[in-house]
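Asks:
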Amino acid sequence: MPRRSSQVLIAEDLARGGQTGAAVTACYEALAVDDREPFAHCLLAHLMLDGDFYDEAIAEATTAIELDPDCSPAYLALGLAYDRRGGMWDQSVLVWHELAEVVPDLVTAHVQLGEAFAAAQFEEQAVESWQRALELDPTEARATYNLAIAALKHEGMANALPGFRKAGELDPSQDDLFFALLGVSVVPDRPVDPAKVRADRDSRLGAAGLAARADDLFAAAELARLVLDEEPDDADALAIAAYTYLKQEATNEAMACALRALASRPDLPTALYTLGVVYSKRTGLSRHAARVFVALAKAAHTQALSHVLLAEALLGLQRYSQAKKAYATAVRLDPACVRARFGLAAVHLTEGSHAEAEWEIRRAAYYDTKRQGLFWKLYDEYAEGGGE
Amino acid sequence: MAAEEAAQLYQAFVDQDPAAAIQVVERARSSGVAQAQLFDALYVPAMSALGGAWASGEIDEMTFTQAAVVAEQIGSFVLPPAAKRDTGVTLVLGSMHRDLHSITKDVIASALKESGYRVNDLGVDVRPTDFLERLEETGARIVIVCAEMLATARAVSRVRQMFESAGKDDVVILAAGAPFAADAGLAREAGANGVITGAESALKLVGRVAADLADGRA
């Protein structure tokens, strides 16, 4: 295992701190001292990729791998550079395959390998790679999105939609929307104890939201119940109760609570969200889901995912051009919205625009891998000797 | 009347009486409420009442859960029909001879099937004679020919010639695929009556052609 020089450590700190230019300079200084240090080449590849210098990233990552074939972060940078550059699918397949060999339990390597196979028109191998990813992690949303796209290509939208919905449920962004609507942005670092919450409505509702955020659905339900004991028509409490039922797969109870909440506050976003999700799970209620999500997209128009949910409901109604507009709005609000990108890819496929579909999938892959912070995870493991 | 029936449905939920719930639904249906309206007119208010009863403590958690089970059991009686009605319109679809591209064809076929069209999908690499043969078997008057390469797109004219030689001049040929989307003149040259650019375009165009055929205008 090669050691990191002090210059590389400086470059690392700068790169982690987002000072890309200074980090690049530090990498070159490190290479001036020792041009056979894989860390410096690998770091430089990552930085070049960040700046959209794909050929430079490919050259640096290749050098890092030549210097140490176990340099897993270099494989990641190389694969991403090939994918983003485009038109180098055979090399891309090889690199992701290598990374999957070097780090066999790295789910993203299998997902990326599948995407490279799909781009190279090896559909069967692509599906096998995504299925392998799901064997390693059954909650892998991106593999599920990709399988839905594959189903769309061969069986049409009707058979692909359940896959998109399943992927959406696995995608953490869906729960994030509910909590954004609720105004709860952070996961509490301590469990919520209902007995210690102040006995007023706002404190109880606030604590219920935090408990739900921490996945303590029983505490959340208990706190919502306490609010309802004092005011049975409290729409906010009913909406939280609806969400806790939804998360426990009790969709009828969730529907009952959400409908009751909307009876007193017809535009309450949290209740609209839960009701729409319940409707979208049921065959035959696509029109109802679309109606509810139209209201949600109006009530929460700055939330990208509210437009994604609307778009998915519109797909169920075969209103592809309206769905495209809703997805495009979502991407405009949040360019890193993986679910919107895959949805947009699906609509492009229904229009026969295959190149545009592939581009959206590539963007989705880029943002998803970036969101995971995978480079630094692999880099740190490699630095600790985990790559050996 | 609807409010009264919704209250009865709610009571059947709370009483955990699926038979009574079904009777309420059947009564509503026989009183003239359409299947597509049952969910909104009956089920939604009953479920809202159920949520209200739970929130006010009128029913306990156990009753709420059991009532939700009954609600689930009668769900299929009140849901709007999932599949669209059979349009009665038959069409034949396939990718042109020597063209193995299937994605556009599959996406269009699925969208049309979902919308109630009777789709005869001949697959890929379909010869003009196969289109004619299936046309005669099914009595279809609309044919969708997909082609993703310039050479196979040009060859669609052979399908038109084949139909004409068999006296099927009135068959509507719709061309689909990237070459036609890029150059509408190509479809005209090939003898196609229209160009499909995707699933939504297929639904619109086939709907219009089917209406024209029904009116005797096509």
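For the record, the sequence lines run as chains A and B. If you read the first sequence in the working numbering, its first letter stands for residue 12, the second for the next number, and so on. If you read the second sequence in the working numbering, its first letter stands for residue 7, the second for the next number, and so on. Here a beta-carbon is modelled for each residue, glycine too, at the ideal position from N, C-alpha and C.
1) Rounded to whole angstroms, what is the Cα-Cα separation between residue 62 (chain B) and residue 61 (chain A)?
2) Can we say the stretch 74-89 of chain B touches the stretch 106-115 of chain B, given the rule of at least three CB pairs closer than 8 Å?
3) Between the stretch 98-116 of chain B and chain A, which residues of the former have a C-beta closer than 9 Å to a C-beta of the latter?
4) Which residue comes first and which comes last in the beta strand (DSSP E) that contains residue 152 (chain B)?
5) What whole-angstrom Cβ distance do residue 163 (chain B) and residue 130 (chain B) have, given they're in contact under 8 Å?
6) For the beta strand (DSSP E) that residue 99 (chain B) lies in, which residues bound it at each end?
7) Comparing alpha-carbon positions, which option in B:195, B:145, B:191, B:138 lies nearest residue 165 (chain B)?
8) Starting from residue 200 (chain B) and walking both ways along the alpha helix (DSSP H), at which residues does that stretch end?
9) Would DSSP call residue 14 (chain A) helix, strand or coil?
10) Following the continuous beta strand (DSSP E) through residue 179 (chain B), name the residue where it begins and the one where it ends.
11) Report the CB separation of residue 22 (chain A) from residue 51 (chain A) in whole angstroms; it is logged as a contact under 8 Å.
12) Pair every Cβ in the stretch 86-94 of chain A with every Cβ in the stretch 66-76 of chain A, then say whether three or more of these pairs are closer than 8 Å.
13) Could you pull the start and end residues of the alpha helix (DSSP H) that residue 293 (chain A) belongs to?
14) Enumerate in chain order the residues of its own chain whose CB-to-CB distance from residue 25 (chain B) is below 6 Å, with the five nearest sequence positions on each side excluded.
15) Against chain A, with Cβ distances strictly below 9 Å, would residue 11 (chain B) count as a contact?
16) According to the neighbour-count rule (16 or more other Cβ atoms, all chains shown, within 10 Å of its Cβ), is residue 350 (chain A) buried or exposed?
17) Would you mind listing the alpha helix (DSSP H) stretches within the stretch 78-146 of chain A that are 4+ residues and don't spill past its ends, in chain order?
18) Enumerate in chain order the residues of its own chain whose CB-to-CB distance from residue 358 (chain A) is below 6 Å, with the five nearest sequence positions on each side excluded.
19) In three-state DSSP terms, what is residue 195 (chain A)?
20) Give the DSSP-derived three-state secondary structure of residue 39 (chain B) in the structure shown.
21) For residue 195 (chain A), which residues from the same chain have a beta carbon less than 7 Å from its beta carbon, with the 5 sequence-adjacent residues on both sides left out?
22) Distance check for residue 208 (chain B) and residue 218 (chain B), CA to CA, integer angstroms please.
23) Sorted by chain position, which residues of the same chain lie with C-beta nearer than 7 Å to residue 33 (chain A)'s C-beta, five sequence neighbours on each side aside?
24) Counting contacts by CB-CB distance shorter than 9 Å, is residue 75 (chain B) in contact with chain A?
25) Could one say the Cβ of residue 122 (chain B) lies closer than 9 Å to chain A's Cβ atoms, at least one of them?
26) Alpha carbons only, please: which of A:226, A:261, A:246 is nearest the one belonging to residue 216 (chain A)?
27) Per DSSP, residue 126 (chain B) forms a beta bridge with which residues?
28) Start and end of the alpha helix (DSSP H) containing residue 174 (chain B)?
29) In terms of residues, what are the limits of the alpha helix (DSSP H) holding residue 160 (chain B)?
30) In three-state DSSP terms, what is residue 113 (chain B)?
31) Pick from A:162, A:144, A:230, A:227: whose alpha carbon is nearest that of residue 356 (chain A)?
32) Suppose the cutoff is 6 Å on Cβ atoms and the five residues either side in sequence are ignored; what does the same chain contact list for residue 153 (chain A) look like?
33) Are residue 329 (chain A) and residue 154 (chain B) close, meaning C-beta to C-beta below 9 Å?
34) Excluding the 5 residues preceding and the 5 following residue 164 (chain A) in the sequence, name in chain order all residues of the same chain whose CB lies nearer than 6 Å to its CB.
35) If contacts are defined as beta-carbon pairs under 8 Å, then residue 184 (chain B) and residue 193 (chain B) qualify, I think. What distance do you get, rounded to the angstrom?
36) Near residue 200 (chain B), which residues of its chain fall below 6 Å by C-beta distance, leaving aside the five closest residues on each side in sequence?
Replies: Here's the rundown:
1) On the second sequence, residue 62 (chain B) is found 56 positions in, with the first residue counted as 1. On the first sequence, residue 61 (chain A) is found 50 positions in, with the first residue counted as 1. Take the alpha-carbon of residue 62 (chain B) and the one of residue 61 (chain A): they are about 56 Å apart.
2) Not touching, per the Cβ criterion.
3) From the stretch 98-116 of chain B, only 108, 109, 110, 112, 113, 114, 115, 116 have a Cβ closer than 9 Å to chain A.
4) Counting from one through the second sequence, the residue named residue 152 (chain B) turns up at place 146. Counting along the chain, residue 152 (chain B) sits inside the beta strand (DSSP E) bounded by residues 148-152.
5) As a first step, residue 163 (chain B) must be located in the second sequence, where it is residue number 157. As a first step, residue 130 (chain B) must be located in the second sequence, where it is residue number 124. Contact annotation, residue 163 (chain B) with residue 130 (chain B): C-beta distance approximately 19 Å; criterion of less than 8 Å not satisfied.
6) Position 93 of the second sequence, counted from the start, is the residue given in the question as residue 99 (chain B). Its beta strand (DSSP E) spans residues 96-101.
7) Here residue 165 (chain B) refers to the residue found at position 159 when the second sequence is read from its first residue. The residue with the shortest Cα to Cα distance from residue 165 (chain B) is B:138.
8) By 1-based counting over the second sequence, the position of residue 200 (chain B) is 194. No alpha helix (DSSP H) holds residue 200 (chain B); the beta strand (DSSP E) holding it covers 200-202.
9) Counted from its first residue, the first sequence places residue 14 (chain A) at position 3. The answer is coil: DSSP assigns residue 14 (chain A) none of H, G, I, E or B.
10) One-based indexing of the second sequence puts residue 179 (chain B) at position 173. Counting along the chain, the beta strand (DSSP E) containing residue 179 (chain B) begins and ends at 178-182.
11) The residue given as residue 22 (chain A) occupies position 11 in the first sequence. The residue given as residue 51 (chain A) occupies position 40 in the first sequence. Right, the Cβ-Cβ distance comes to about 7 Å (below 8 Å), so this counts as a contact.
12) Contact between the stretch 86-94 of chain A and the stretch 66-76 of chain A is established, with three or more Cβ pairs separated by less than 8 Å.
13) Within the first sequence, the letter at position 282 stands for residue 293 (chain A). Per DSSP, residue 293 (chain A) lies in no alpha helix (DSSP H) and is assigned neither H nor E.
14) The count along the second sequence starts at 1 and reaches residue 25 (chain B) at position 19. Excluding sequence neighbours, residue 25 (chain B) sits near nothing in its chain.
15) Residue 11 (chain B) sits at position 5 when you count from the first residue of the second sequence. No, because no Cβ of chain A sits closer than 9 Å to the Cβ of residue 11 (chain B).
16) The residue labelled residue 350 (chain A) in the question sits at position 339 within the first sequence. Counting Cβ neighbours within 10 Å, residue 350 (chain A) comes out buried, since at least 16 surround it.
17) For the stretch 78-146 of chain A, whole alpha helix (DSSP H) runs of length 4 or above, ordered along the chain, are 83-96, 100-113, 118-130.
18) Here residue 358 (chain A) refers to the residue found at position 347 when the first sequence is read from its first residue. Answer for residue 358 (chain A): 331, 334, 335, listed in chain order.
19) Taking the first sequence and counting its residues from 1, one reaches residue 195 (chain A) at position 184. Residue state, collapsed to three classes: coil.
20) Locating residue 39 (chain B) in the second sequence gives position 33, where the first residue counts as 1. It is coil, neither helix nor strand.
21) Within the first sequence, the letter at position 184 stands for residue 195 (chain A). The answer, listed in chain order, is 220, 221, 224.
22) Position 212 of the second sequence, counted from the start, is the residue given in the question as residue 218 (chain B). Position 202 of the second sequence, counted from the start, is the residue given in the question as residue 208 (chain B). So the alpha carbons of these two residues sit roughly 15 Å apart.
23) Indexing the first sequence from 1 puts residue 33 (chain A) at position 22. Within the same chain, residue 33 (chain A) has close Cβ partners 25.
24) Taking the second sequence and counting its residues from 1, the one referred to as residue 75 (chain B) is at position 69. Among the CB atoms of chain A, one or more fall inside 9 Å of the CB of residue 75 (chain B).
25) Along the second sequence, one-based indexing puts residue 122 (chain B) at 116. With 9 Å as the cut-off, residue 122 (chain B) does not count as an interface residue toward chain A.
26) Mapped onto the first sequence, residue 216 (chain A) falls at position 205. Among A:226, A:261, A:246, the Cα nearest to that of residue 216 (chain A) belongs to A:246.
27) Walking along the second sequence from the start, residue 126 (chain B) turns up at place 120. The partner list for residue 126 (chain B) (beta bridge, DSSP) reads B:98.
28) Here residue 174 (chain B) is taken as the residue at index 168 of the second sequence, counted from 1. If you look at residue 174 (chain B), you'll find it isn't in any alpha helix (DSSP H); DSSP assigns it neither H nor E.
29) Looking up residue 160 (chain B) in the second sequence gives position 154. Annotation for residue 160 (chain B): the continuous alpha helix (DSSP H) segment containing it runs 156-160.
30) Here residue 113 (chain B) is taken as the residue at index 107 of the second sequence, counted from 1. Residue 113 (chain B) falls in the helix class under three-state DSSP.
31) Position 345 of the first sequence, counting from 1, holds the residue named residue 356 (chain A). Comparing Cα positions, the closest option is A:162.
32) If you number the first sequence from 1, residue 153 (chain A) lands on position 142. Here the set comprises 122, 379.
33) Position 318 of the first sequence, counted from the first residue, corresponds to residue 329 (chain A). Position 148 of the second sequence, counted from the first residue, corresponds to residue 154 (chain B). Contact check for residue 329 (chain A) against residue 154 (chain B) fails: the beta carbons are separated by 9 Å or more.
34) Here the question's residue 164 (chain A) lines up with position 153 in the first sequence. Counting only residues of its own chain and dropping the five nearest sequence neighbours on each side, residue 164 (chain A) has no CB closer than 6 Å to any other CB.
35) Taking the first residue of the second sequence as position 1, residue 184 (chain B) is located at position 178. Taking the first residue of the second sequence as position 1, residue 193 (chain B) is located at position 187. In fact, because the Cβ distance is near 12 Å, the residues do not count as touching under 8 Å.
36) As a first step, residue 200 (chain B) must be located in the second sequence, where it is residue number 194. The residues are 180, 211.
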